[in-house]
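**Q** Just so you know, the sequence shown maps onto residues 0 to 112 in my numbering. In this text, a Cβ means the ideal position worked out from N, Cα and C, and glycines have one as well. Since we're looking at a predicted model, the values are computed, not measured. Encoded as C-alpha cells, here's the structure I'll be asking about.
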Amino acid sequence: MNKFVRLLERPGPLIIDGGLATQLEAMGYEIGDSLWSASLLAKDPEAIVRAHRAYLDAGADCLISASYQASRQGFMSHGMDAEEADRLIVSSVALARKARDEYVEAHPDSEFE
0 MNKFVRLLER
10 PGPLIIDGGL
20 ATQLEAMGYE
30 IGDSLWSASL
40 LAKDPEAIVR
50 AHRAYLDAGA
60 DCLISASYQA
70 SRQGFMSHGM
80 DAEEADRLIV
90 SSVALARKAR
100 DEYVEAHPDS
110 EFE
C-alpha cells in the first residue's frame with residue numbers, strides 16, 4: 000500500500016500544502032496577474048519548489064501543484080505557444096516532486112514516497 004492510501008486511511012486530518020499563492024506572496028513574489036502562482040512556472044520555477052518545501056518543512060503530508068490557474072489559453076495570452084503552455088502545466092507536478100525529493104533527501108526517515 001502506498002503512503003497516500005495510508006494517509007487517507009489513518010484517523011485525523013490530511014495536511015495539504017494549500018494556499019501556495021499566499022506562501023509565494025509571503026516569500027516576496029508578485030503574482031497579481033491572471034496566471035497567479037502559475038506565472039512562476041515560467042518566471043521562477045525554483046520559487047515554487049521553495050514554497051512547496053516550506054509547506055513540507057511545516058508538516059504538510061501532501062503537495063498540490065502550481066497549476067490551479069494554469070491553462071493553455073492563459074499561457075497563450077501571455078505570448079506562449081500551446082506546446083510551451085502544456086510543458087509548463089506538466090512541469091507543475093515535476094516541481095512538486097522535486098520539492099518532495101529534496102525533502103526526503105534532507106529527512107531520510109520521512110514517510111514520503
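1) So, at 8 Å on beta carbons, what are the nonlocal neighbours of Ile15 in its own chain, with the 5 sequence-adjacent residues on each side left out?
2) On a Cα-Cα basis, can you pick out the residue from Ser70, Gln72, Ala95 that is closest to Gly17?
3) With which residues is Asp16 paired in a DSSP beta bridge?
4) Quick check: what's the CA-CA separation for Ala69 versus His77?
5) Assuming the contact rule is C-beta atoms closer than 8 Å, Leu19 and Ala50 should be a hit. Round their C-beta distance to whole Å, please.
6) Relative to the alpha-carbon of Asp56, which residue among Ser38, Leu39, Tyr102 has its alpha-carbon at the smallest distance?
7) Short check: CB of Ala65 to CB of Ser91, under 7 Å?
8) Considering only their Cβ atoms, is the gap separating Val48 from Ala81 smaller than 7 Å?
**A** So, from the data block:
1) Ala59, Asp60, Cys61, Leu62, Ile63
2) Ala95
3) Leu62
4) 11 Å
5) 6 Å
6) The option with the nearest alpha carbon to Asp56 is Tyr102.
7) It is a contact, given that the beta carbons lie within the stated cut-off.
8) The beta carbons of Ala81 and Val48 sit no closer together than 7 Å.
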